[in-house]
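Taken in order, the sequence shown gives residues 1 to 116; the numbers are from the working numbering. All C-beta atoms in this analysis are idealised placements derived from N, C-alpha and C, irrespective of residue type, glycine included. Note that this is a predicted model, so its numbers are computed, not measured. In what follows, a structure is listed as structure tokens, so that the remarks can point back to it.
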Amino acid sequence: MIVRIWTTRLADGREDEYLAFARERSRAMFLSQPGCLGVLFLKAEDGRHAACSFWKSAADVRALASSPSYNETATALAATGALSGESAVIVYEVEGGAFDGPALAQALGEFGRSSG
């Protein structure tokens, strides 16, 4: 499994707009990509935001870069003016670990796959 983390900063006062975009456009776009297992939208204490996506393979992550829906979504997000400064992507190969699937799904609640 592969984890892809994209990080960015937001322009002052634009967090609500960014989060609405993530819910309304980015989430569905990620979930429509072949090999995407899920995506989480994160906020750090220092105000940085991230999209953490989970993938079946490195090839699936590489294919994301040429996906028309990904490129359209990224262009639309940039056009909102909500982003500030440079963004970065780091890709990790999962080497081990564990999680409680049902407990994680419950904790995600409204953010899970079945929500609108």
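**Request:** State buried or exposed for S115, treating a residue as buried only when at least 16 other CB atoms are found within 10 Å of its CB.
**Result:** By 1-based counting over the sequence shown, the position of residue 115 is 115. Caution is warranted here: a pLDDT of 40 is assigned to S115, below 50, making its placement in the model unreliable, and the coordinate value is therefore given only provisionally. Exposed, since its Cβ has fewer than 16 Cβ neighbours within 10 Å.
**Request:** Give the single residue among Y70, V91, K43, A28 whose Cα lies nearest to the Cα of A58.
**Result:** Taking the sequence shown and counting its residues from 1, the one referred to as residue 58 is at position 58. Out of Y70, V91, K43, A28, V91 has the C-alpha closest to the C-alpha of A58.
**Message:** Going by beta-carbon coordinates alone, are L37 and A50 separated by less than 7 angstroms?
**Reply:** What you label residue 37 is simply residue 37 of the sequence shown in a count that begins at 1. What you label residue 50 is simply residue 50 of the sequence shown in a count that begins at 1. No, they are not a contact pair.
**Request:** Report yes if the C-beta distance between S84 and A11 is below 7 angstroms; otherwise report no.
**Result:** The residue given as residue 84 occupies position 84 in the sequence shown. The residue given as residue 11 occupies position 11 in the sequence shown. A contact, by the Cβ cut-off of 7 angstroms.
**Prompt:** For M1, is the classification buried or exposed, using 16 other Cβ atoms within 10 angstroms of its Cβ as the cut-off for buried?
**Reply:** If you number the sequence shown from 1, residue 1 lands on position 1. Exposed, since its Cβ has fewer than 16 Cβ neighbours within 10 Å.
**Prompt:** Who pairs with T7 in a beta bridge, going by DSSP?
**Reply:** Against the sequence shown, residue 7 aligns to sequence position 7. T7 is bridged to A50, A88.
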